[in-house]
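Worksheet: one structure, shown below.
Protein chains: 2
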Amino acid sequence: MEKKLDQLKQRLLEVNDLNAAAALLYWDQSTYMPPGGAPARARQLATLQRLAHEKFTGPAIGKLLDALRPYEESLPYESDDASLIRVTRRLYEREVKVPTELAAEMSRHGAESYQVWTEARPDNDFERVLPYLEKSLDLSRQLADCFPGYDHIADPLIAYSDYGMTVATVAQVFGELREHLVPIVQAITAQPPADDSCLRLLYAEDQQLAFGVDVIERFGYDLKRGRQDKTHHPFETKFSIGDVRITTRVQERFLAEAMFSTMHEAGHAMYEQGVNPAYEGLPLARGTSSGMHESQSRLWENVVGRSRGFWVYFYSRLQQVFPEQLCEVPLDVFYKAINKVERSLIRTDADEVTYNLHVMLRFDLELAMLEGALEVRDLPDAWRARFESDLGMAPPDHRDGVLQDVHWFMGQIGGVFQGYTLGNIISAQVYEAALKAHPAIPDEIEEGEFGTLHGWLSDNIYRHGRKFTASELIERVTGQPLTIAPYIRYLKTKYGELYNLR
Amino acid sequence: MEKKLDQLKQRLLEVNDLNAAAALLYWDQSTYMPPGGAPARARQLATLQRLAHEKFTGPAIGKLLDALRPYEESLPYESDDASLIRVTRRLYEREVKVPTELAAEMSRHGAESYQVWTEARPDNDFERVLPYLEKSLDLSRQLADCFPGYDHIADPLIAYSDYGMTVATVAQVFGELREHLVPIVQAITAQPPADDSCLRLLYAEDQQLAFGVDVIERFGYDLKRGRQDKTHHPFETKFSIGDVRITTRVQERFLAEAMFSTMHEAGHAMYEQGVNPAYEGLPLARGTSSGMHESQSRLWENVVGRSRGFWVYFYSRLQQVFPEQLCEVPLDVFYKAINKVERSLIRTDADEVTYNLHVMLRFDLELAMLEGALEVRDLPDAWRARFESDLGMAPPDHRDGVLQDVHWFMGQIGGVFQGYTLGNIISAQVYEAALKAHPAIPDEIEEGEFGTLHGWLSDNIYRHGRKFTASELIERVTGQPLTIAPYIRYLKTKYGELYNLR
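Residue numbers (my numbering), protein chains in the order written: chain A, 5 to 506; chain B, 5 to 506.
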């Protein structure tokens, strides 16, 4: 049996190495590749992805998984070997159901669609992307139909990123959350807006970056096993447990941009760096779901990075880096500026409170398109109507409306947005559990120490990688299933104090 | 037939994409990879190289080549299709003769041996590398024995990098060259050494780099299809015709380091950028041999970059960049400094005249080891003896003696050094032909213009890629077989004038 398991690992490592190479090709394309490299790079990426898919879904891995079933059943559920076989089987059974041609067509179409979007967005041209979006919808439906027996056509798409969740469970959670959010947003936005002008002075790029790197090193991001570069859109990527990189973007005239995107991506990266090294190169060596991953980025970015306690320690340091801009700005003004709540157009710029309304709007429109209740050509009108009713303002154009997010223009509609709000919810639930285990964490944060929090997250979440599903992990870590209660408590406490709500 | 040819191209593109990805993994490892990435990176590189080898030597390509033979024979030798089939067959027939296990073992051993060398060299520890060198010799012999019927055991190894050359032909050329070189070296080194102290002041890194990039852009290196980064050892690498990168290293206290390594690598890179775009991703899209490649790097570095005419234009610009260091240094003093001839220990630091003696020494020792006439354990003594007789000085240690070059410590002994001197010879022969076609080239260089030279090289050498062998190309371009006469004329003219010889 050990021999079979070794054979399985060898084949999985081969697939992993192809995928890791593809990830590096993508990282390079986003950071340093000269423009002339683009056409060949697209082909090279497609070749690697196709070979990885072929190697993974070929008969060898299926046979090994069958042969290993008795071994798996002889082991405890939590053992590394059983978990490796179980998770590999789940991924394998999903992947073999998708015909190679469909996977290839989605990949090709996604690249093409993305290219068209990058030109259509600045031109505010929805007509131009319409046929691509229609094809994306068609392909997404075909993908879902590879998994018959679903309750909702979006279920298989959600299962890709948030295994274990369905439209029904997500809609239930979102519905509850919405009931609490809307009155909070209304109460806050009835007040005069916070003054965030102190963030919009001139801040030198290099100093912004250096400050951010200093912060995330203190969080626990290991620069011997990672690095930060600049890209148009920030992201985290992993080539091995020993090489997990992040990117950021800097705005000279908006201090919050690089700072919080750096903390956010470092949250993702610490999750990946913290996986048990024994899982290197195997399917267990990944964060377990989109929602769980996002919970870690949001925990460090928001729950920690936008907390008053964090700035009790770091604000004087930031003032030392930017004395001219900040020496006259009191901590409370700065703290309120970085937590300014307002109705706004762009999801990625939205504050923690309104952010979830942006996500829910997209989630519901995705479902409507997949159900056939909304035609793609009517999407801009539906967007505008929903935006007005939820956020009380109308997008002035497509650019900052329906064309703002890249996700739908990467070739898939459905299953791509729910993770953001699930992440917010989980971040608070997990943080409450961390505080229960270690009540001194907030005091440590006020002293610029994050070792206890990082250690607790590593032991309880990071090191498990994909061994447990998100639901299993939440239960293990918090003793409860997914619940919005801690998140509501978090928002009410923080913003209640900031805006003197009741 | 067209369908078969398309199938062949598809399979060759797949192999190319795996190799291009491996090249990017290597580039990243040398430039930006954090140290923690090393173990997984070695595995990922090995996986990609193994898959590329398997894909190339699998039965499919052999069958297609057989099926395409009548088509190839129906076409003129120079046609792109015939050349693609011919060159692919040559590479295929070579690659299939090497058992996959031997290829894998050489790759593994090479990586391990390199690692040991990086630690043993600073420690001056030959004993440590001895068993690795012995294994490299054994593996190199095994590799050669995959190609029975050779006259000399090094012939198949030379054919890898300089197809068409053999020990006999190289030794003949080197012997002739040596007869001319030795008296020149003696005559020059009998004189007091040139003063190169002006190169050894403090020169800021960024300005050195910016000056170098300005020069190579004027040469014709296209930064939209390339870029320069810093590495420990400079190199050129290619991911596609649209993405050919170079690296350099900078010494704050030696102006010649970055400047000439930049020109050198740009020479390699312009060759690769200049290949006919129709060959993208196919075996024709490569420089044709090690010697021909080196001729292009040495042409731009030495024949152009160390010429007086070049500095007639550029010296005042360099003085503007570094006024404090150079405003009092006349052009003639600078020109003599960058062409200082001296007996020295390190090949890569050697001047154009003595450089070839360093290469010949290595070439002869390689042959002696492969023949069994020299035991690996006796290599340091043999090195010392030959160094004293050829260069009139003894290396004080192994570090700057037999351990100085990485080549033998990458897993192969034989076939790796001859290209450097062949390159010097070819550079002069090719440049003479360029001047014959365009006598105004030297005048243009004095005005900082390189368009005619770059255009002529592109048309006559670069664009052909690997369509012609080096010998064929030299004949086509110069109307003659390889000859040392132009190189001797070049050296005698340049150094005769610099050192008032005869």
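Backbone N, C-alpha and C fix where the C-beta goes; we use that ideal spot for every residue, glycine too.
What you are looking at is a predicted structure, and each value in this text was computed from that prediction instead of being measured.
Residue pairing for D247/B: DSSP places it in a beta bridge opposite S244/B. By the Cβ criterion, the segment 195-214 of chain B is in contact with the segment 323-340 of chain B, since at least three pairs of Cβ atoms, one from each stretch, lie closer than 8 Å.
Using beta-carbon distances, P287/B does not count as an interface residue toward chain A, since no partner is under 7 Å. For a Cβ distance threshold of 8 Å, nothing in chain B lies close to F223/A: the least Cβ distance comes to about 17 Å. DSSP places T473/B outside both helix and strand once states are collapsed to three, so it counts as coil. Between the alpha carbons of R403/A and Q119/A lies a distance of about 15 Å.
It is roughly 42 Å from the alpha-carbon of Q33/B to the alpha-carbon of E332/B. Here S393/B is exposed. Its C-beta has fewer than 16 other C-beta atoms within 10 Å. Annotation: Q255/B is outside any alpha helix (DSSP H) and is labelled neither H nor E by DSSP. Using a 10 angstroms sphere on the CB of I350/A, the tally of other CB atoms stays under 16, which defines it as exposed. Of all residues in the segment 26-41 of chain B, those with a C-beta nearer than 9 Å to a C-beta of chain A are A26, L28, L29, W31, D32, T35, Y36, M37, P38, P39, G40, G41, reading in chain order. Nearest Cα to P43/A within the set A64/B, S244/B, G459/B: S244/B. Residues of chain A whose Cβ lies closer than 8 Å to the Cβ of A24/B are, in chain order, A44, Q48. The criterion of a C-beta distance shorter than 7 Å is satisfied by H442/B and T456/B. A residue is called buried when at least 16 other Cβ atoms come within 10 angstroms of its Cβ; R381/B does not meet this threshold and is exposed.
Considering only W121/B, S301/B, L17/B, the residue with the shortest C-alpha distance to V434/B is S301/B.
Residues of the segment 238-251 of chain B with a C-beta less than 9 Å from any C-beta of chain A: F243, S244, I245, G246, D247, V248, R249, listed in chain order. Along the segment 281-306 of chain B, going in chain order, the ones with a CB nearer than 7 Å to a CB of chain A are E284, G285. The segment 414-494 of chain A is shown to contain whole alpha helix (DSSP H) runs of 4 or more residues at 422-441, 445-450, 455-464, 474-482, in chain order. In the structure shown, the three-state DSSP call for D233/A is strand.
For R229/A, the neighbours in chain B by C-beta distance under 9 Å run, in chain order, P38, P39, G40, G41.
Under the 10 Å beta carbon count, E370/A is surrounded by 16 or more other beta carbons and is classified as buried. Taking 8 Å as the cut-off between beta carbons, none of the residues of the segment 158-185 of chain A comes near chain B.
By the Cβ-count criterion, Q416/A is buried, with 16 or more other Cβ atoms from all chains shown falling within 10 Å of its own Cβ.
In the three-state DSSP reduction, L205/B falls in the coil class, being neither helix nor strand.
Scanning its chain for C-beta atoms nearer than 7 Å, with the 5 sequence neighbours on each side dropped, one finds around L28/B the residues F243, in chain order. Ranking D84/A, F130/A, D85/A, Y136/A by CA distance to the CA of E109/A puts Y136/A first. Nearest neighbour of L495/A by Cα position, chosen from R310/A, K228/A, R145/A, L213/A, turns out to be R310/A. Sequence-ordered contacts of the segment 249-281 of chain B with chain A are nonexistent [C-beta pairs closer than 7 Å]. Going by C-alpha positions, L365/B is about 7 Å away from R390/B. Only exposed fits P334/A, as fewer than 16 other CB atoms lie within 10 angstroms of its CB. In the pairwise beta carbon analysis, the segment 211-223 of chain B is classified as touching the segment 317-327 of chain B: at least three pairs are separated by under 8 Å. Non-local beta-carbon contacts of A372/B in its own chain, meaning distances under 6 Å to residues more than five positions away in sequence, involve L378 in chain order. With its beta carbon at least 7 Å from every one in chain A, E58/B lies outside the interface. For M274/A, the three-state secondary structure derived from DSSP is helix.
For E18/B, a Cβ of chain A is located within less than 7 Å of the residue's own Cβ.
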